[in-house]
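Residue numbers (the numbering used here), protein chains in the order written: chain A, 177 to 517; chain B, 177 to 517.
To start, the structure under review is shown below, and the notes come after it.
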DNA sequence: CTGAAAGCGCTAACAT
DNA sequence: ATGTTAGCGCTTTCAG
């Protein structure tokens, strides 16, 4: 059994109040007593019991973080940043994978509340707006999902997915592409996926491209889904007719698509162009390097923690605060100017 | 302020003991009272306060997990598995990145102890044996690092790094390679790095290969380090003389090495072969697909949690328990038979 | 400047 | 079968 504040107090010959105040620096303690307390703590190897402290002050200094899948580098990058910044503010994080399971996501939220977290960061949540909207007592920040109006204590941090996707349409058109496939994410469940879909097809329409020229396939934001969807496309379409470009709005999915194309001896971008979304670290080192849209993980993570912590520390309500970040296009080698063909 | 067990008891017209027992199912509660308690809980939106519970029972059901870097897919895969299995046993995890900083790693351990975790999984720790060896009150499992003898409550889960690396020597020799570069990890700080180095160079020696034929470079287990080290090698050596193979004992590092080779218009494996270590998911999709050694993340994660939880739940001492996993070679396209040249 | 003591929300003897 | 209550380790008001 490890030493408690009582043991320290006794050994130092002072009251527990004094020890507590000495540790938290909340009131002056004379040098002499401080000295004795210090020695006593060292002698006993005393470690303050955060649980007892939390119970008393009703603050755990823990932020709950849910992500769909930590093994997806996009989320891993966000989590890494959250952890880093949270540490600077002396907060810890409790991490959960929802595995893209809505029920799991809800259980996790409850578990967080029970665990007494001071705030929650929900990355790319699958829950419906109504589910998210009911306030849960602690501030929550929703990351990487388009904001909605709410009176609840919820903030949003997100890149501009609509614009991000729309600019891809501009880019592809101006580079001479005239046949398109859009590998939609889970449009039914993930609002971001809709946003991107609308951005891309909407802009295409504005540019006067007929609907039939852009095939839309629904899948998941995963390597495997990208792989399979590309196979479907190639089964169905004769890629040699026209200048084809595939927009797979997740780098990991685009990577899968690229691999599928390779197995059919297709060259990217010679035979077919591929564009991703997220700009994860590795996209720059694929073969060919992936043209993509930056989804700024560092800022996403940083803003998210800052928002929750601000809400926690200053008792500010987040109610609908939004941070919308830029999502610029990153041009690399998986697309090129067709006029150079 | 959310409802407490007292509120529930009052509303249901029972004692707090009954509510507590009803929740934990530790003693029989009549159907009628159970019914009323259930209703009261729902009406109040009651969520048990885990912190208070932990304080009382001296168990948090939290496992602390430290990894060098969560954005490294190898560690992400391990963490994902740890989280998954821990969940099955109703344990939560508290995650920390040490960023390859020994001081941070030690702070984190202390922080875990203060936070009252029931056990710790330390993945690829940088601390010295002596630092790790002093028991800290809770069971700790050290993952992905060779075991050492200890009386402390420490268990080990690790792949056979020596053999894993040694078989690469066998493989390369039998495939006709005759010039080698070994991109060592941080040999000074990471025991695994030493293990692999010894495995590779040791076997080479056993096979009668002269020392001068294998260059050893020290670096880090990172993409950038692989990249830079390859540049150094190419600056120094004329790769066209002999059949060169590079062993970068971390896939991420091997990937970096591969990219550096490409920038010099070198073809892998035609001009130079590359072998990695870890077999992360993405290695199969590099160009060319990476020949590597399997470092079984799933098993590593799973065994680690199972070991800690066993120690926690059954009060068994781990003292030196070891789980050593196989590290088989995965042959892909970044190496080939030179006789076919 | 320091100490005594109440109480955070829960569990588990002990009592009935 | 259920209730009463002490106490987990800490913070903080109130008193001195």
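Beta carbons are placed, not taken as given, at the ideal position from N, Cα and C, and that holds for glycine.
query: Return the bridge partner residues of residue 450 of chain A from the DSSP annotation.; result: A/422
query: Say whether chain A places a C-beta atom closer than 8 Å to the C-beta of residue 477 of chain B.; result: no
query: Relative to chain B, which residues along the stretch 239-250 of chain A have a C-beta separation below 9 Å, given in chain order?; result: 241, 245, 246, 247, 248, 249
query: Any idea if residue 308 of chain B is buried or exposed, counting beta-carbon neighbours within 10 angstroms, 16 or more meaning buried?; result: buried
query: Please state if the CB of residue 295 of chain B and the CB of residue 314 of chain B are separated by a distance shorter than 8 Å.; result: yes
query: What do you reckon, are the CB atoms on residue 480 of chain A and residue 453 of chain A nearer than 8 Å?; result: no
query: Between residue 239 of chain B and residue 293 of chain B, how many whole angstroms is the CB-CB distance? I'm expecting something under 8 Å.; result: 6 Å
query: Go ahead and label residue 345 of chain A buried or exposed: buried means 16 or more other beta carbons lie within 10 angstroms of its beta carbon, across all protein chains shown.; result: buried
query: Could you check whether the Cβ of residue 196 of chain B sits closer than 8 Å to any Cβ belonging to chain A?; result: no
query: Within the continuous alpha helix (DSSP H) that includes residue 298 of chain B, where are the two ends?; result: Careful: residue 298 of chain B lies outside any alpha helix (DSSP H), inside the beta strand (DSSP E) at 295-299.
query: Put residue 357 of chain B into one of helix, strand or coil per three-state DSSP.; result: strand
query: Report the residues of the stretch 301-331 of chain B with a CB closer than 9 Å to any CB of chain A, ordered along the chain.; result: 313
query: Does DSSP classify residue 517 of chain B as helix, strand or coil?; result: Model confidence at residue 517 of chain B stands at a pLDDT of 42, short of 50, so the residue's coordinates are unreliable; what they give is reported in the following sentence. Note: residue 517 of chain B maps to coil in three-state DSSP.
query: Mind checking whether the beta-carbon of residue 500 of chain A lies closer than 7 Å to any heavy atom of the ligand FAD?; result: Of the ligands one can find in the structure shown there are none, so the ligand FAD has no counterpart to examine.
query: How big is the Cα-Cα spacing for residue 336 of chain A and residue 321 of chain A?; result: 9 Å
query: Looking at chain B, which residues of the stretch 220-236 of chain A have a Cβ within less than 8 Å of any of its Cβ atoms?; result: 223, 224, 225, 226, 227, 228, 230, 231, 236
query: Verify whether the separation of the beta carbon atoms of residue 405 of chain B and residue 359 of chain B is less than 8 Å.; result: yes
query: Taking contact to mean at least 3 C-beta pairs separated by less than 8 Å, is the stretch 438-448 of chain A in contact with the stretch 407-416 of chain A?; result: yes
query: Suppose you measure from the CA of residue 517 of chain A to the CA of residue 449 of chain B; what does that come to, to the nearest Å?; result: Interpretation of residue 517 of chain A is limited by its pLDDT of 42, a score under 50 that renders its predicted location unreliable; the figure taken from the coordinates is listed afterwards. For residue 517 of chain A and residue 449 of chain B, the distance between alpha carbons rounds to 33 Å.
query: Is the stretch 459-474 of chain A touching the stretch 428-439 of chain A in the sense that three or more CB pairs, one from each, lie closer than 8 Å?; result: yes
query: Would you mind telling me which residues of chain A sit closer than 8 Å to residue 292 of chain B, beta carbon to beta carbon, in chain order?; result: 225, 226, 227
query: Please state the DSSP three-state secondary structure of residue 460 of chain B.; result: helix
query: Measure the C-alpha to C-alpha separation of residue 181 of chain A and residue 236 of chain A and round it to an integer number of angstroms.; result: 19 Å
query: In angstroms with no decimal places, state the Cα-to-Cα distance between residue 251 of chain B and residue 284 of chain A.; result: 22 Å
query: Can a CB atom of chain A be found closer than 8 Å to the CB of residue 286 of chain B?; result: yes
query: Where residue 186 of chain A and residue 209 of chain A are concerned, what is the direct C-alpha to C-alpha distance, given to the nearest angstrom?; result: 12 Å
query: Put residue 486 of chain A into one of helix, strand or coil per three-state DSSP.; result: helix
query: Does chain A have any CB closer than 8 Å to the CB of residue 259 of chain B?; result: yes
query: State yes or no: is the beta carbon of residue 386 of chain A nearer than 8 Å to at least one beta carbon in chain B?; result: no
query: I'd like to know whether the C-beta of residue 589 of chain A is nearer than 8 Å to at least one C-beta of chain B.; result: Absent from the model: residue 589 of chain A. The displayed extent of chain A is 177 to 517, so no value can be given.
query: Measure from the alpha carbon of residue 470 of chain B to the alpha carbon of each residue in B/277, B/203, B/451, then state which is nearest.; result: B/451
query: Note down, one range per segment and in chain order, each beta strand (DSSP E) of at least 3 residues found wholly within the stretch 229-300 of chain B.; result: 238-243, 268-273, 295-299
query: What are the residues in the stretch 422-443 of chain A lying within 7 Å of chain B by C-beta distance?; result: 431, 435
query: Buried or exposed: where does residue 491 of chain B fall if 16 or more other Cβ atoms within 10 Å of its Cβ makes it buried?; result: exposed
query: When you compare each of B/355, B/434, B/324, B/277 to residue 400 of chain B by their alpha carbons, which one comes out closest?; result: B/434
query: By Cβ distance below 6 Å, which residues in the same chain neighbour residue 217 of chain B in space, the five residues on each side in sequence not counted?; result: 184
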